[in-house]
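Reading through the structure tokens given below for one structure.
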Amino acid sequence: MTTIFEMSKKGRIAFKIPNNNIKDYEFDFPEHLLRKTSPRLPQVSELDVVRHYTNLAAKNYSVDVGFYPLGSCTMKYNPKINEKIANDEHFSMIHPFQPMETAQGALQLMYELKEMLCEISGMDDMTLVPSAGAHGELTGMLIARAYHLSRGDTKRKKAIVPDSAHGTNPASARMAGFEVIEIKSGPDGRVDLNELKKHLDEEVAVLLLTNPNTLGLFEKDIIKIAEMVHEKGALLYYDGANLNAILGRTRPGDMGFDIVHLNLHKTFSTPHGMGGPGSGPVGVKKHLSKFLPVPEIIKENNTYKLNYSKPESIGFIRSFFGNFSVLVRTYTYIKTMGKEGLKKVGQMAVLNANYLRKKVSKIMDIAYPGLCMHEFVSTCEKLTKETGVKALDIAKRLLDYGIHAPTMYFPLIVHEDFMIEPTETESKDTLDEFAKILGKIFEEAKQNPELVKNAPYTTPIRRLDEATASRKPIVKFNFEGE
Amino acid sequence: MHRYIPHTDEEIKEMLNEIGVKSIEDLYIDVPKTVDDYNLESEKDEFTVKSEILSLAKKNKVFKIENIFAGAGIYAHYIPTVVEHLANDQRFVTAYTPYQAEVSQGTLQALFEYQTMMCELTGMQVANSSMYDGATALAEAMLMAVRVSRKNKILAASSINPEYLQTSKTYCTPQNIEIEEVKWNDNGTLDIEDLKSKISDETSAVVVGYPNFFGIIEDLKLIKESIPEKTLLIVVSEPVSLTILESPGKLGADIVVGEGQSLGVTPNFGGPGIGFFTTLEKYVRKMPGRIIGQTKDVDGKTGYVMVLQTREQHIRREKATSNICSNHALIALINAIYLSTMGPEGLRKVAKMSYNAAHYFAEKLKEKGYSLIFNGPFFNEFAFDAGENYYEKWKKLAEEGFLGPLPLVKVLPNFKNCALACCTEVNTNESIDNLLKHF
Numbered sequence: 001m002t003t004i005f006e007m008s009k010k011g012r013i014a015f016k017i018p019n020n021n022i023k024d025y026e027f028d029f030p031e032h033l034l035r036k037t038s039p040r041l042p043q044v045s046e047l048d049v050v051r052h053y054t055n056l057a058a059k060n061y062s063v064d065v066g067f068y069p070l071g072s073c074t075m076k077y078n079p080k081i082n083e084k085i086a087n088d089e090h091f092s093m094i095h096p097f098q099p100m101e102t103a104q105g106a107l108q109l110m111y112e113l114k115e116m117l118c119e120i121s122g123m124d125d126m127t128l129v130p131s132a133g134a135h136g137e138l139t140g141m142l143i144a145r146a147y148h149l150s151r152g153d154t155k156r157k158k159a160i161v162p163d164s165a166h167g168t169n170p171a172s173a174r175m176a177g178f179e180v181i182e183i184k185s186g187p188d189g190r191v192d193l194n195e196l197k198k199h200l201d202e203e204v205a206v207l208l209l210t211n212p213n214t215l216g217l218f219e220k221d222i223i224k225i226a227e228m229v230h231e232k233g234a235l236l237y238y239d240g241a242n243l244n245a246i247l248g249r250t251r252p253g254d255m256g257f258d259i260v261h262l263n264l265h266k267t268f269s270t271p272h273g274m275g276g277p278g279s280g281p282v283g284v285k286k287h288l289s290k291f292l293p294v295p296e297i298i299k300e301n302n303t304y305k306l307n308y309s310k311p312e313s314i315g316f317i318r319s320f321f322g323n324f325s326v327l328v329r330t331y332t333y334i335k336t337m338g339k340e341g342l343k344k345v346g347q348m349a350v351l352n353a354n355y356l357r358k359k360v361s362k363i364m365d366i367a368y369p370g371l372c373m374h375e376f377v378s379t380c381e382k383l384t385k386e387t388g389v390k391a392l393d394i395a396k397r398l399l400d401y402g403i404h405a406p407t408m409y410f411p412l413i414v415h416e417d418f419m420i421e422p423t424e425t426e427s428k429d430t431l432d433e434f435a436k437i438l439g440k441i442f443e444e445a446k447q448n449p450e451l452v453k454n455a456p457y458t459t460p461i462r463r464l465d466e467a468t469a470s471r472k473p474i475v476k477f478n479f480e481g482e
Numbered sequence: 001m002h003r004y005i006p007h008t009d010e011e012i013k014e015m016l017n018e019i020g021v022k023s024i025e026d027l028y029i030d031v032p033k034t035v036d037d038y039n040l041e042s043e044k045d046e047f048t049v050k051s052e053i054l055s056l057a058k059k060n061k062v063f064k065i066e067n068i069f070a071g072a073g074i075y076a077h078y079i080p081t082v083v084e085h086l087a088n089d090q091r092f093v094t095a096y097t098p099y100q101a102e103v104s105q106g107t108l109q110a111l112f113e114y115q116t117m118m119c120e121l122t123g124m125q126v127a128n129s130s131m132y133d134g135a136t137a138l139a140e141a142m143l144m145a146v147r148v149s150r151k152n153k154i155l156a157a158s159s160i161n162p163e164y165l166q167t168s169k170t171y172c173t174p175q176n177i178e179i180e181e182v183k184w185n186d187n188g189t190l191d192i193e194d195l196k197s198k199i200s201d202e203t204s205a206v207v208v209g210y211p212n213f214f215g216i217i218e219d220l221k222l223i224k225e226s227i228p229e230k231t232l233l234i235v236v237s238e239p240v241s242l243t244i245l246e247s248p249g250k251l252g253a254d255i256v257v258g259e260g261q262s263l264g265v266t267p268n269f270g271g272p273g274i275g276f277f278t279t280l281e282k283y284v285r286k287m288p289g290r291i292i293g294q295t296k297d298v299d300g301k302t303g304y305v306m307v308l309q310t311r312e313q314h315i316r317r318e319k320a321t322s323n324i325c326s327n328h329a330l331i332a333l334i335n336a337i338y339l340s341t342m343g344p345e346g347l348r349k350v351a352k353m354s355y356n357a358a359h360y361f362a363e364k365l366k367e368k369g370y371s372l373i374f375n376g377p378f379f380n381e382f383a384f385d386a387g388e389n390y391y392e393k394w395k396k397l398a399e400e401g402f403l404g405p406l407p408l409v410k411v412l413p414n415f416k417n418c419a420l421a422c423c424t425e426v427n428t429n430e431s432i433d434n435l436l437k438h439f
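Taken in sequence, the protein lines are chains A and B.
Residue 1 is where the first sequence starts when you use UniProt numbering, and the numbers rise one by one after that.
Residue 1 is where the second sequence starts when you use UniProt numbering, and the numbers rise one by one after that.
Here it is in structure tokens:
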């Protein structure tokens, strides 16, 4: 599609700025600091802007367009009332530096949300500041670091991460200064207790776990794992990516986790916005509360305040108080769902995943048999061996049928895999349709592998040359004459 | 039944049958049951939720935009209707990271164009498709400078945004990166002698604001000339100012970061905004975050994909350039729509009117006997001595309907009775005169 730079015509404008009736002041800074050439921003009319971005929107697949079974991303429906409320000017137009007496509604909302999220996660205290799941992970790792250092325990330099974990886990642990020890999953796709025992020593600061894990399986030995970790003086960290599955059934705090991050853009239905903004609150057990980042929201005589004076806090992890408008959406969602609704979320997410697993198992192999939680991992390794058609090809063919592909090539320990997460907001009809189409594509692959290998055909653009794009990156528009 | 969950009782039965279990309970055999009933309220209908939360919202005071004189990182600019309208298109809002490029060309092209616009403003060669905010963008810039130079010391001007500086320390300390501060002069600009005395072979980068936290315009050319060639120059900037200030790229910056909220984003009580991150082409592989690139499809048609993913955590894991994965893509889209709407002339006018308003405000204050803290050149913010008990006066101003200049003591405890004033194009002659009546 034409870029907005190509649409640009010198002199066109899309917005007229009113005059503020103030006289013109000469620039009083040195001449060499005065800009000589104008930035080449688009010069277009308002209708040009509207058409350009509306046409771009039409080239996007989204939850509002169709089924988006992207494993581990929890692409559930994003309720519209959440958007409406977050965009209310009493929330969107308030300035973080206005007197807190004039922002009591916002602070009360954050305070109450903190309490609700503590209840749902089983933790004693919570910060709403982190901007995304990975930001929450980093915050959690910094808390683990601060905890051990506060006790004079300087030898704890290691963080243990299972090989099935999200890539952000090891990256966050590394950023917080830990050496990352990867442990192999057992044959049942869960943490291998012997393997864990082998690596668990007095130098381990923290074990990072996702439960259910990225294979969609619940770590049923979790109580034992928590005991083993705590016995060695280490902490247990919960990656909240898969919290959706256990809503209303169990809580990370009850399983023995010390630190947890939640992904509000997953479990709590705030939209993913093409890759953000999200929000990644971090909850802790009481003994870690003093290390949470600043500011914390406190309530004193029915007044809400921000407290910056926490001497043992890990400090600031970003500006201001977090992604407030995402917090408003979450608050609205929890109020709308209520305790009954949240329980139903967990149940129907698990029901949908197991139902779809059963249907998909008639077409492709399931990586780890038996019941799953809210997602499952399947593999088309057999088909690849027989026909040369890869998971990637199946994924692209799905796009032709109007369905977004599942997560591919993750977790790294399963080959040619699909990680499928239907979420609770999809109907049985949608799941049946997905299974039907997947079956049809497998038939196509066997009858006519080239057809599938060259997919997609009907999308705005066909398969792209990603190798060249990374080898010789073109990352901005090439203006004429350059 | 819940309105977001479509399952009928009949369907649930059929599905359990297909799975081969009798009840929902049977699906949870591996999971200990520790909660049955959260200590939370029961579900509510939309009408009730809306009325409850909006009455909470009304406890927040919304200032008339022309009466807002506080900035310090979050700016009140007028946002054209078309920007909010287009950014609420649910086909953008409810999409995710463009893992399937063929059906994500809207996201990818918009972000590619955003990257181009940020390069144009900063004068840099490459931009990523966003960081969380200005503070985290700066922290990541410091980590990148250390990756590039393999030296562990950073010199940062004390006059950069205090929260950015604190965030950077939180990020850098665990990796044994030392941040040393450099003083400012009486005129509010970086003290070049202090800088020179602190520079050593171990200095990886020098960080400076442009304009700095006090609104003062630093002489980037002079700073660049004062540091060794191999020391990186990291500039924290405010994008609107870059239509009248020479671009940092032209003046020798290696990395330019900042907060992009002023480009069409509502203040949102401080979040989400967006961190922008730009650098030179030679460093593109050391850069954190997502980057979008142009390529061709099998039919030779131009399209866009995520590039250089081998730097990222889903492939490199603990060896990744950063842990950032989810970013603030939707806000990048808002920036792009805003910049398309304003165009170069519109944005320059916004900058010039902001400059004029701030200079008018400062001139009038001086006429009333107030003095500025620094006499260096400023863009649209300036610090002044607001007199005894300014903090209390500021709260009274709020009751009068003005969000007055920020009492600096809120962020810098040593600055008693000082205020940081901010003007943008929305502050009129009249609104400034009205505020001045209270001074």
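The C-beta atom is built at its ideal place from N, Cα and C for all residues, glycine as well.
Since we're looking at a predicted model, the values are computed, not measured.
Test: residue i CB closer than 7 angstroms to a CB of chain E
i	result
L280(B)	This model lacks chain E altogether; the protein chains it does include are A and B.
Of the residues the options, the one placed nearest residue i, counting alpha carbons only
i	options	result
V129(A)	M1(A), T332(A), G322(A), I13(A)	G322(A)
E25(B)	H32(A), L371(A), C118(A), I394(A)	L371(A)
K36(A)	G289(B), L412(B), F213(B), P248(B)	P248(B)
A386(B)	L420(B), D133(B), D186(B)	L420(B)
Y308(A)	V411(B), V62(B), L27(B), S42(B)	V411(B)
T97(B)	R290(B), F378(B), E388(B)	R290(B)
L34(A)	K286(B), F378(B), P413(B), D133(B)	F378(B)
CB-CB length for residue i against residue j, believed under 8 angstroms
i	j	result
P174(B)	L398(A)	At roughly 42 angstroms, the Cβ-Cβ gap does not stay under 8 angstroms, so P174(B) and L398(A) are not in contact.
L232(B)	A205(B)	4 angstroms
I22(A)	N67(B)	16 angstroms between Cβ atoms; not a contact.
G252(B)	L220(B)	7 angstroms
M124(B)	L339(B)	Actually they are not in contact, since the Cβ atoms of M124(B) and L339(B) sit about 15 angstroms apart, beyond 8 angstroms.
F316(A)	G270(B)	About 12 angstroms; that fails the 8 angstroms criterion.
V265(B)	P271(A)	Actually they are not in contact, since the Cβ atoms of V265(B) and P271(A) sit about 16 angstroms apart, beyond 8 angstroms.
Q313(B)	A171(A)	4 angstroms
C422(B)	Y75(B)	7 angstroms
Exposure label - residue i; buried when at least 16 CB within 10 Å
i	result
G369(B)	exposed
L47(A)	exposed
F479(A)	exposed
I274(B)	buried
D239(A)	buried
F47(B)	exposed
A467(A)	exposed
N169(A)	buried
Q347(A)	buried
H32(A)	exposed
K446(A)	exposed
Contact test: residue i Cβ vs the ligand GTP heavy atom, cutoff 6 angstroms
i	result
K349(B)	Looking for the ligand GTP in the displayed structure turns up nothing, as the structure carries no ligands at all.
Contact set between the region 369-396 of chain B and chain A, restricted to residues whose Cβ is under 8 angstroms from the partner = Of all residues in the region 369-396 of chain B, P377, W394, K395 have a Cβ within less than 8 angstroms of some Cβ in chain A.
Segments of 3+ residues assigned as beta strand (DSSP E) that fall wholly inside the region 345-411 of chain A | Listed in chain order, the beta strand (DSSP E) elements of length 3 or more contained wholly in the region 345-411 of chain A are 376-379.
In the region 146-163 of chain A, which residues sit with their C-beta less than 7 angstroms from some C-beta in chain B, listed in chain order?
-> Correct list: empty, as no residue qualifies.
Chain-ordered residues of the region 201-215 of chain B with a beta carbon less than 7 angstroms from chain A | Result list empty, no residue passes.
Run through the region 121-153 of chain A for me and flag every whole alpha helix (DSSP H) of 4 or more residues, listed as ranges in chain order.
-> Within the region 121-153 of chain A, the complete alpha helix (DSSP H) runs of at least 4 residues are 133-150.
Using a beta-carbon distance cut-off of less than 7 angstroms, what residues from the region 133-158 of chain B approach chain A?
-> Cβ contacts with chain A: D133, G134, A135, T136.
What residues from the region 64-90 of chain A come within 9 angstroms of chain B, judged by C-beta to C-beta, listed N to C?
-> Within the region 64-90 of chain A, the residues whose Cβ lies closer than 9 angstroms to some Cβ of chain B are D64, V65, Y68, L70, C73, M75, K76, Y77, N78, P79, K80, I81, E83, K84, I85, A86, N87, D88, E89, H90, listed in chain order.
Which runs of the beta strand (DSSP E), 3 residues or longer, sit entirely within the region 274-309 of chain A?
-> When DSSP assignments are scanned along the region 274-309 of chain A, the uninterrupted stretches of beta strand (DSSP E) that are 3 or more residues long and fall wholly within it turn out to be 282-284, 296-300, 303-307.
Residues of the region 219-238 of chain A with Cβ closer than 9 angstroms to any Cβ of chain B, in chain order = Residues E219, K220, I222, I223.
Residues in the region 32-50 of chain B with C-beta within 7 angstroms of chain A's C-beta atoms, listed in sequence order?
-> Those would be P32, K33, T34, V35, D37, Y38, N39, L40, E41, S42, E43, K44, E46, V49, K50, in chain order.
What are the uninterrupted segments assigned as beta strand (DSSP E) that are 3 or more residues long and contained completely in the region 404-429 of chain B, given in chain order?
-> Complete beta strand (DSSP E) runs here, min 3: 418-422.
Compile a chain-ordered list of the residues in the region 108-120 of chain B whose CB is closer than 7 angstroms to at least one CB of chain A.
-> Within the region 108-120 of chain B, the residues whose Cβ lies closer than 7 angstroms to some Cβ of chain A are Q109, A110, E113, Q115, T116, M117, C119, E120, listed in chain order.
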